[in-house]
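Structure first, then comments.
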DNA sequence: ACATAATGATCCTGATCGGAAAATTGTCAA
DNA sequence: TTGACAATTTTCCGATCAGGATCATTATGT
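As structure tokens, this is what we get:
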């Protein structure tokens with residue numbers, strides 16, 4: 001069992017490997033010599049910003065600084081999760097009610113979300129939403145109008161869907177004919193990484209008063 | 001540019017999405033509430049050891065804490081494709097009728113497929129299907145029975161869904177109560193072109209007599 | 001009224017971090 | 001061998017900050 005090697009050892013090996021002096025490393029990284037020296041002797045550790053600075057100035061992956069055995073997975077997994085709205089995690093925003101499905105599964109490549117659309121006009125909706133990744137939206141009940149940054153609005157009825165790049169501004173609003181609409185959305189989680197998708201996906205930028213509540217968990 | 005979100009934002013999004021309170025997160029991570037609160041408000045950052053602690057206690061990978069989008073961040077794309085069954089590509093197999101949606105879009109990360117399920121018994125179905133990737137299946141009409149390699153069969157009714165690792169053997173058959181069932185399936189495409197995914201994904205291995213015909217393309 | 005959750009305000013101990021001085025190591029000439 | 005001398009590394013010190021405890025406040029729901 002190799003314990004986590006210290007940050008000092010990692011930095012020292014990195015520096016030796018590249019045949020740098022402390023001074024050279026200091027100039028490249030923008031971190032003073034004295035600090036680097038102390039880190040290498042485990043008399044000091046670094047904070048978030050310094051680690052980030054090291055990572056991008058020296059072009060190291062963050063995970064290397066933590067000696068993380070990177071993606072070691074891709075074995076035969078056999079996960080299964082049933083998506084029922086009663087077991088979902090509900091997130092309400094002014095425009096949508098989200099029901100996150102299958103939340104018990106971590107690190108999925110896709111995120112299924114049942115969404116009840118309340119907004120009925122673009123002005124009511126506010127700014128277009130944009131985030132990384134892609135998404136497919138399928139209309140389950142009612143009909144919706146899809147507004148987007150680079151296309152004319154289009155109306156989708158029950159049974160129809162749309163696939164879009166999510167970094168294009170977009171907004172789904174309920175069509176005039178119906179009171180509310182229910183859609184199934186699937187968001188690609190950006191880079192096989194659950195977190196980065198959770199970071200960016202489906203958070204209306206600047207939405208102030210979100211309420212988050214669990215339902216039946 | 002690299003709009004590096006702050007550590008605070010990242011932690012906050014993480015916590016919100018898992019629907020944890022500060023207290024809960026504190027207990028799980030072993031970091032006191034006051035510290036977490038300050039971090040989330042960007043009044044504080046964390047040092048190496050705390051970041052490591054967060055990573056392993058909460059089972060997050062370090063790179064996620066730094067919002068490191070390892071692989072190249074793509075440019076701004078603005079694709080859009082409407083998925084109507086009339087514009088789909090139809091593929092018939094003994095067990096299923098597939099309607100591939102949004103086929104005009106190449107290189108998508110997900111593949112939406114409307115599927116009409118005809119098989120009504122596992123014996124009639126044949127061997128379980130297995131392929132790479134993950135998939136989410138949502139029942140639109142009727143109800144289905146999901147058979148899989150490592151789980152008991154489960155019945156899904158209209159409005160319910162299931163997320164599975166596709167390399168686990170699986171089969172969807174129409175429930176006895178209904179004649180046919182209609183489901184919306186989304187397959188994660190292992191970042192390959194549409195064609196190769198059409199070739200590999202969702203083809204019962206060894207299915208001999210497939211008919212492929214385009215409808216309204 | 002009560003409990004829970006989030007935030008803010010203090011206070012404190014110990015750590016980060018950077019500049020500058022001191023110590024170490026190596027090189028070369030007399 | 002000895003004494004400059006420079007390059008590299010380490011130590012010292014002060015200003016700032018991490019990080020944890022505690023209490024007060026506000027909002028929300030029961």
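Residue numbers (this note's numbering), protein chains in the order written: chain A, 1 to 217; chain B, 1 to 217.
Glycine included, each C-beta is placed from N, C-alpha and C at the ideal position.
Computed from a prediction, not measured in an experiment: that's the story for all the values here.
Whole angstroms are fine: how far does the CA of residue j sit from the CA of residue i?
| i | j | result |
| --- | --- | --- |
| residue 129 (chain A) | residue 59 (chain A) | 32 Å |
| residue 73 (chain A) | residue 55 (chain B) | Caution is warranted here: a pLDDT of 43 is assigned to residue 73 (chain A), below 50, making its placement in the model unreliable, and the coordinate value is therefore given only provisionally. Distance between the alpha carbons of residue 73 (chain A) and residue 55 (chain B): 17 Å. |
| residue 50 (chain A) | residue 148 (chain A) | 39 Å |
| residue 188 (chain A) | residue 104 (chain B) | 18 Å |
| residue 126 (chain B) | residue 153 (chain B) | 15 Å |
| residue 119 (chain A) | residue 96 (chain A) | 7 Å |
| residue 30 (chain B) | residue 159 (chain A) | 48 Å |
| residue 151 (chain B) | residue 40 (chain A) | 51 Å |
| residue 155 (chain B) | residue 134 (chain A) | 30 Å |
| residue 48 (chain B) | residue 47 (chain A) | 6 Å |
| residue 25 (chain B) | residue 57 (chain B) | 10 Å |
| residue 28 (chain A) | residue 20 (chain A) | 10 Å |
| residue 67 (chain B) | residue 167 (chain A) | 17 Å |
| residue 142 (chain A) | residue 111 (chain A) | 22 Å |
| residue 23 (chain B) | residue 37 (chain B) | 10 Å |
| residue 52 (chain B) | residue 91 (chain A) | 30 Å |
| residue 5 (chain B) | residue 175 (chain B) | 48 Å |
| residue 33 (chain B) | residue 33 (chain A) | 35 Å |
| residue 89 (chain A) | residue 89 (chain B) | 34 Å |
Could you have a look at residue i and say whether DSSP puts it in helix, strand or coil?
| i | result |
| --- | --- |
| residue 15 (chain B) | helix |
| residue 8 (chain A) | helix |
| residue 134 (chain A) | strand |
| residue 184 (chain A) | strand |
| residue 48 (chain A) | helix |
| residue 103 (chain B) | coil |
| residue 28 (chain A) | helix |
| residue 33 (chain A) | helix |
| residue 55 (chain B) | helix |
| residue 117 (chain B) | strand |
| residue 140 (chain A) | strand |
| residue 128 (chain B) | coil |
| residue 85 (chain A) | helix |
| residue 62 (chain A) | helix |
| residue 194 (chain B) | Its pLDDT being 33, under 50, residue 194 (chain B) is placed unreliably by the model, and the measurement read from it follows with that caveat. It is helical. |
| residue 166 (chain A) | coil |
| residue 123 (chain A) | helix |
What do you reckon, are the CB atoms on residue i and residue j nearer than 8 Å?
| i | j | result |
| --- | --- | --- |
| residue 77 (chain B) | residue 165 (chain A) | yes |
| residue 162 (chain B) | residue 80 (chain A) | yes |
| residue 173 (chain B) | residue 144 (chain B) | yes |
| residue 45 (chain A) | residue 7 (chain A) | yes |
| residue 101 (chain B) | residue 113 (chain B) | yes |
| residue 84 (chain A) | residue 63 (chain B) | no |
| residue 131 (chain B) | residue 146 (chain B) | no |
Whose C-alpha, out of the options, is nearest the C-alpha of residue i?
| i | options | result |
| --- | --- | --- |
| residue 121 (chain A) | A:54, A:50, A:113, A:180 | A:180 |
| residue 140 (chain A) | A:24, A:182, A:119, A:95 | A:182 |
| residue 15 (chain A) | A:47, A:52, A:65 | A:65 |
| residue 43 (chain B) | B:20, B:9, B:155 | B:9 |
| residue 87 (chain A) | A:171, A:99, A:5 | A:99 |
| residue 82 (chain A) | B:157, B:175, B:5 | B:157 |
Within the present structure, is the beta-carbon of residue i separated from the nearest heavy atom of the ligand FMN by less than 7 Å?
| i | result |
| --- | --- |
| residue 180 (chain B) | The ligand FMN is absent from the structure shown, which contains no ligands of any kind. |
For residue i, does the count of other Cβ atoms within 10 angstroms reach 16, so buried, or fall short, so exposed?
| i | result |
| --- | --- |
| residue 13 (chain B) | buried |
| residue 123 (chain B) | exposed |
| residue 185 (chain B) | buried |
| residue 109 (chain A) | buried |
| residue 18 (chain A) | exposed |
| residue 115 (chain B) | buried |
| residue 93 (chain B) | buried |
| residue 177 (chain A) | exposed |
| residue 191 (chain B) | Interpretation of residue 191 (chain B) is limited by its pLDDT of 40, a score under 50 that renders its predicted location unreliable; the figure taken from the coordinates is listed afterwards. Counting Cβ neighbours within 10 Å, residue 191 (chain B) comes out exposed, since fewer than 16 surround it. |
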